[in-house]
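Enquirer: Residue numbers (UniProt numbering), protein chains in the order written: chain U, 1 to 445; chain Z, 1 to 445.
2 protein chains.
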Amino acid sequence: MNIILLSGGSGKRLWPLSNDIRSKQFIKIFKTADGYESMVQRVYRQIKEVDPAATVTIATSKTQVSSIHNQLGDSVGVCVEPCRRDTFPAIALASAYLHDVKGVAPQEPVVVCPVDPYVNNDYFEALHTLSQLAQQGAANLTLMGIEPTYPSEKYGYIIPETSDAVSKVKTFKEKPDAKTAAEYIAQGALWNGGVFAYRLGYVLDRAHELIEFDGYQDLYDKYATLRKISFDYAVVEKEPNIQVMRFAGQWKDMGTWNTLTEAMEEPGIGKAILNDSCRNVHVLNELDVPVLCMGLQDVVVSASPEGILVSDKEQSSYIKPFVDAIDQQIMFAEKSWGSFRVLDIEDESLTIKVTLNPGHSMNYHSHQRRDEVWTVISGRGRAVVDGVERPVQAGDIVRMPAGCRHTILADSELKLIEVQLGREISVQDKEKFPLEIVSHGKEKA
Amino acid sequence: MNIILLSGGSGKRLWPLSNDIRSKQFIKIFKTADGYESMVQRVYRQIKEVDPAATVTIATSKTQVSSIHNQLGDSVGVCVEPCRRDTFPAIALASAYLHDVKGVAPQEPVVVCPVDPYVNNDYFEALHTLSQLAQQGAANLTLMGIEPTYPSEKYGYIIPETSDAVSKVKTFKEKPDAKTAAEYIAQGALWNGGVFAYRLGYVLDRAHELIEFDGYQDLYDKYATLRKISFDYAVVEKEPNIQVMRFAGQWKDMGTWNTLTEAMEEPGIGKAILNDSCRNVHVLNELDVPVLCMGLQDVVVSASPEGILVSDKEQSSYIKPFVDAIDQQIMFAEKSWGSFRVLDIEDESLTIKVTLNPGHSMNYHSHQRRDEVWTVISGRGRAVVDGVERPVQAGDIVRMPAGCRHTILADSELKLIEVQLGREISVQDKEKFPLEIVSHGKEKA
Chain U
1 MNIILLSGGS GKRLWPLSND IRSKQFIKIF KTADGYESMV QRVYRQIKEV
51 DPAATVTIAT SKTQVSSIHN QLGDSVGVCV EPCRRDTFPA IALASAYLHD
101 VKGVAPQEPV VVCPVDPYVN NDYFEALHTL SQLAQQGAAN LTLMGIEPTY
151 PSEKYGYIIP ETSDAVSKVK TFKEKPDAKT AAEYIAQGAL WNGGVFAYRL
201 GYVLDRAHEL IEFDGYQDLY DKYATLRKIS FDYAVVEKEP NIQVMRFAGQ
251 WKDMGTWNTL TEAMEEPGIG KAILNDSCRN VHVLNELDVP VLCMGLQDVV
301 VSASPEGILV SDKEQSSYIK PFVDAIDQQI MFAEKSWGSF RVLDIEDESL
351 TIKVTLNPGH SMNYHSHQRR DEVWTVISGR GRAVVDGVER PVQAGDIVRM
401 PAGCRHTILA DSELKLIEVQ LGREISVQDK EKFPLEIVSH GKEKA
Chain Z
1 MNIILLSGGS GKRLWPLSND IRSKQFIKIF KTADGYESMV QRVYRQIKEV
51 DPAATVTIAT SKTQVSSIHN QLGDSVGVCV EPCRRDTFPA IALASAYLHD
101 VKGVAPQEPV VVCPVDPYVN NDYFEALHTL SQLAQQGAAN LTLMGIEPTY
151 PSEKYGYIIP ETSDAVSKVK TFKEKPDAKT AAEYIAQGAL WNGGVFAYRL
201 GYVLDRAHEL IEFDGYQDLY DKYATLRKIS FDYAVVEKEP NIQVMRFAGQ
251 WKDMGTWNTL TEAMEEPGIG KAILNDSCRN VHVLNELDVP VLCMGLQDVV
301 VSASPEGILV SDKEQSSYIK PFVDAIDQQI MFAEKSWGSF RVLDIEDESL
351 TIKVTLNPGH SMNYHSHQRR DEVWTVISGR GRAVVDGVER PVQAGDIVRM
401 PAGCRHTILA DSELKLIEVQ LGREISVQDK EKFPLEIVSH GKEKA
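Structure follows, in structure tokens:
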């Protein structure tokens, strides 16, 4: 099975665990035997359990690449959108990537699926069936229709011609009000979960009709010039030959704190204490200090280095404008090489904790307007400053005056405290260079 | 006016802003023209406004001395109890301190008052009257009786002989149930707010009757051997000649989050965002990141480096057992020389931010089982390592291997990041020495 997972944009609705650079699909919230996994880890694991040979490609933006590799490892396929251009350009680019980079033949089937459904393995078995239906070619597009459990206003509806397991699609309906949704359901309508399958060549043909391009690299290069247009508008609405396959298993959308906490197996993740009079309270605490809840009802509490949310669960769906108004430095980020967390902010200094994964290094870079000091607190590695490489371990200090080029390479997991000093500390003040080692220091750094 | 302020013990009921080493009276919660002041700062300011010549002595434990000097300056009188021995030994020690250290004559009046009443200046004017009544000597003890506003179960009651402004006391009653309290109030009873005045010699005589000691220093030295006994039991219950003065002004006890938030002039202190559907919600946030509250009612949210409380206001009075069960390192402390805050805890390292007040220094000390590194992030001062003093400023690094003696003296406000490294990091691993400077380093540290 070739599967393209669409990994969407920034998820402020789950602030403070999601923000501009950390999307909800990366929050580690689902209990496993030995800890917690994120939505993207859960979905990837489920796909591999159902089809160990599946080729998974994640279509996403540059900002998510670090988190994806950090959580899924380096072997997962990632098709990076240079900028956001809605779903049709994204699916066209991912399809061109499968064809030109991964060598998938035009007659092979491809399944497209959002990265964040909260489902069981039967869902991925259904995707496998969807892929087979696409390969058989009875229709140009094969959609998954989810059997509704209530007249939701949050989803589009697919109305099939028959109530068979697989049926031609009669028509599509936009998100309705609850009363209209109930009427649709009475007619046998299904939720449109944004899942569909096709033969690769079909979407490549549509892409070439709408965009003049010569293969994946050319499409990538001109991506910023493409018109924003949805796959529904560009392809689905113009295609008369569409079929839909019913799916009646569990399917939940984890878009708000309310729906997300419903999927939690226990009331607290992280250090959380709830007294006996708490009812329907969930705590997600990423901080090192405890959250104590007393006498609350229907409340979600979430604490991260970015901030603290305390909200009635229903009200939490109105969070976005409040979070948009918060103007604050990013306090935590996962990177391809590890992560960093801001520990302290002063007018002329910034102190962060940096964790490097074994075998990884940050970019070789310099800053014009700040000095930096590293104090290694655990692990072993090699620091490079202006071309001189020196071994470092816990207790070693590395001074980096403004202008010097520097990086650190982790031989084991390596943690350090970085103190940045200067009057104009900014993430923009960074120039990257190819790593060049001119000598090896014998002494400790 | 000679006034002894009793500054009580650790206040876990206001966790996470109070804890074992930080009592509620030091929380900066009351709005002033240019910021916030704590209960102890508010009371001290009010006393000085009413009687600029007042001699204020704070009777407290060792653990609070740093916070008192940090918040009130070095000129306030502090009588330190070497250990906790209940109110009679504490008041006896403070009385001996006034006589032997401050030179207060036996016939002079003294007023004893808790450090944490939330009152207006009329309360301190009443204390002044109480002091004058004690000096006139119509009774051996002159108490303040607070006119009850409701039949509270939280206070003891004083039943006066008459309803005059000043009356002989008929009897005292322990904390009653609400029904009994209402009966007391019908008889003209007053709340016992723990405020009383006497001629200094009177309490010194009682102290010498019950304890064999020869002046303040001797009493201090044998303090640990004294029996725990309350002033009420040792003195008040045995004294037939007691009068009470009525006080009808505002008087609030700030012992719980519920009463404390009633005294807040605005819903939030620190970074707090409340949406329109919040009702009777108060946020006290000491962290650098925002707290967002949505759709809550009758809730207090408090966040500090120690943890986060989210509680129904009524329920918050049951907090103590939950906080007792939290076993956690102290994350923030005020010291006489400034403050520190824990930024990061790892298995074999601890990173803290240290702020030194101008002109202050930490003790000259060493650690056996950990190395330390300072990175100065702002200010100017002098670091002393093994007797060698060197000037330091932002960007300078000081390395302190295990065993070396070290301190830093702040010439301006000075902030630094301290990284502690070792397998057994413990607050117990500290040996203090008198400062000895053997040479002055010319280079930067």
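Where a beta carbon is used, it is the ideal one built from N, C-alpha and C, also for glycine.
Quick one: give me the first and last residue of the beta strand (DSSP E) that W251(U) is part of.
Expert: Unbroken beta strand (DSSP E) run through W251(U): W251 to D253.
Enquirer: Please work out which residues of its chain come closer than 8 Å, Cβ to Cβ, to D411(Z), disregarding the five sequence neighbours upstream and downstream, and give them in chain order.
Expert: Excluding sequence neighbours, D411(Z) sits near P358, G359, G379, R380, G381 and R382.
Enquirer: Would you call the stretch 264-280 of chain Z and the stretch 271-281 of chain U touching, i.e. three or more CB-CB distances under 8 Å?
Expert: No, because fewer than three Cβ pairs between the stretch 264-280 of chain Z and the stretch 271-281 of chain U fall closer than 8 Å, the two stretches do not touch.
Enquirer: Span of the alpha helix (DSSP H) holding M39(U)?
Expert: Start and end: M39 to V50.
Enquirer: Output the distance between the C-alpha atoms of T57(Z) and R390(Z), rounded to the nearest integer angstrom.
Expert: One C-alpha to the other measures close to 39 Å.
Enquirer: What's the C-alpha gap between G338(Z) and L414(Z)?
Expert: Computed Cα separation, rounded: 9 Å.
Enquirer: Does the stretch 305-324 of chain Z come into contact with the stretch 14-25 of chain Z, if we say contact requires no fewer than three beta-carbon pairs (one atom in each stretch) closer than 8 Å?
Expert: Taking 8 Å as the limit for Cβ pairs, the verdict is that the stretch 14-25 of chain Z does touch the stretch 305-324 of chain Z.
Enquirer: With a cut-off of 8 Å, does the C-beta of Y318(Z) fall near any C-beta of chain U?
Expert: Yes, Y318(Z) lies at the interface with chain U (some Cβ there is under 8 Å from its Cβ).
Enquirer: Does S412(Z) come within less than 8 Å of chain U when only Cβ atoms are used?
Expert: S412(Z) does not count as touching chain U.
Enquirer: Please report the Cβ distance between F231(U) and T142(U), rounded to the nearest whole angstrom; I am assuming they are in contact, meaning their Cβ atoms lie under 8 Å.
Expert: Their Cβ separation, rounded to whole angstroms, is 14 Å, which puts F231(U) and T142(U) out of contact at 8 Å.
Enquirer: Rounded to a whole number of angstroms, what is the C-alpha to C-alpha distance between H208(U) and Y202(U)?
Expert: Their backbone Cα atoms lie some 10 Å apart in a straight line.
Enquirer: Comparing C-alpha positions only, which one of Y118(U), K154(U) and V195(U) sits nearest to A134(U)?
Expert: Of the listed residues, the one whose Cα sits closest to A134(U) is V195(U).
Enquirer: Please report the straight-line C-alpha distance between I425(Z) and D386(Z), rounded to a whole angstrom.
Expert: Between I425(Z) and D386(Z), the C-alpha separation is close to 21 Å.
Enquirer: Closer than 7 Å by beta-carbon distance: list the chain Z residues that pair up with D288(U), in chain order.
Expert: The contacting residues are I345.
Enquirer: For chain Z, is any of its Cβ atoms less than 8 Å away from the one on M264(U)?
Expert: No, because no Cβ of chain Z sits closer than 8 Å to the Cβ of M264(U).
Enquirer: Name the residues in the stretch 275-286 of chain Z whose C-beta lies less than 7 Å from a C-beta of chain C; which are they?
Expert: The structure shown contains no chain C; its protein chains are U and Z.
Enquirer: From the DSSP output, in three-state form, read off I185(U) for me.
Expert: Reduced to three states, the DSSP call for I185(U) is helix.
Enquirer: Just the Cα atoms here: how many angstroms apart are D253(U) and V112(U)?
Expert: Roughly 16 Å separates the two Cα atoms.
Enquirer: Identify, in the order they occur along the chain, each residue of the same chain with its Cβ nearer than 6 Å to the Cβ of Q428(U), setting aside the five sequence neighbours on each side.
Expert: Answer for Q428(U): no residue qualifies.
Enquirer: Which parts of the stretch 195-248 of chain U are runs of the beta strand (DSSP E), unbroken and 3 residues or longer, counting only runs that do not cross its ends?
Expert: With a minimum length of 3 residues, the continuous beta strand (DSSP E) runs that stay inside the stretch 195-248 of chain U are 242-247.
Enquirer: In chain U, which residues lie less than 7 Å from Q107(Z) when you measure between Cβ atoms?
Expert: Under the 7 Å cutoff, chain U gives no residues; its nearest Cβ is about 52 Å from Q107(Z).
Enquirer: How big is the Cα-Cα spacing for K432(U) and P401(U)?
Expert: Answer to the nearest angstrom: the Cα atoms are 16 Å apart.
Enquirer: To the nearest angstrom, how far is it from the Cα of Q328(Z) to the Cα of D288(U)?
Expert: Taking the straight line from one Cα to the other gives about 10 Å.
Enquirer: Could you check the C-alpha separation between Y184(Z) and P109(Z) for me, to the nearest Å?
Expert: The alpha-carbon atoms of Y184(Z) and P109(Z) are separated by roughly 30 Å.
Enquirer: For A445(U), decide whether its Cβ has a neighbour in chain Z, counting only Cβ atoms nearer than 8 Å.
Expert: With a pLDDT of 45 at A445(U), under the threshold of 50, the modelled position of this residue cannot be trusted; read the value that follows with caution. So, not an interface residue.
Enquirer: To the nearest angstrom, how far is the alpha carbon of A445(Z) from that of D396(Z)?
Expert: Residue confidence for A445(Z) is low, a pLDDT of 44 falling below 50, so the modelled location carries little weight and cannot support an answer.
Enquirer: For the beta strand (DSSP E) that contains S131(U), what are its first and last residues?
Expert: Unbroken run through S131(U) is the alpha helix (DSSP H), N121 to Q136; no beta strand (DSSP E).
Enquirer: Please report the distance separating the alpha-carbon of E265(U) from that of S163(U).
Expert: Approximately 35 Å, taken between the alpha carbons.
Enquirer: Within its chain, find whatever has a CB closer than 6 Å to the CB of Q41(U); leave out the 5 residues flanking it on each side and keep chain order.
Expert: Once the five neighbours on either side are set aside, the close Cβ partners of Q41(U) are Q71.
Enquirer: DSSP state of E108(U), grouped into three classes?
Expert: Coil.
Enquirer: Since V115(U) contacts M1(U) with CB under 8 Å, what's their CB separation in whole angstroms?
Expert: The Cβ separation is near 16 Å, so there is no contact.
Enquirer: Determine, using beta carbons only, whether G295(U) comes closer than 8 Å to chain Z.
Expert: Yes, G295(U) lies at the interface with chain Z (some Cβ there is under 8 Å from its Cβ).
Enquirer: Exposed or buried, K24(Z), counting other C-beta atoms within 10 Å across all chains shown (16 or more means buried)?
Expert: Buried, because 16 or more other Cβ atoms sit within 10 Å of the Cβ of K24(Z).
Enquirer: In the DSSP assignment, find the unbroken beta strand (DSSP E) run with S302(Z) in it and report its ends.
Expert: Where S302(Z) is concerned, the enclosing beta strand (DSSP E) stretches over Q297 to S304.
Enquirer: So, does the stretch 307-327 of chain U touch the stretch 28-37 of chain U, judging by three or more C-beta pairs under 8 Å?
Expert: Touching, no.
Enquirer: So, do the stretch 99-109 of chain Z and the stretch 214-229 of chain Z have three or more beta carbon pairs nearer to each other than 8 Å?
Expert: Counting Cβ pairs under 8 Å, three or more are found: they touch.
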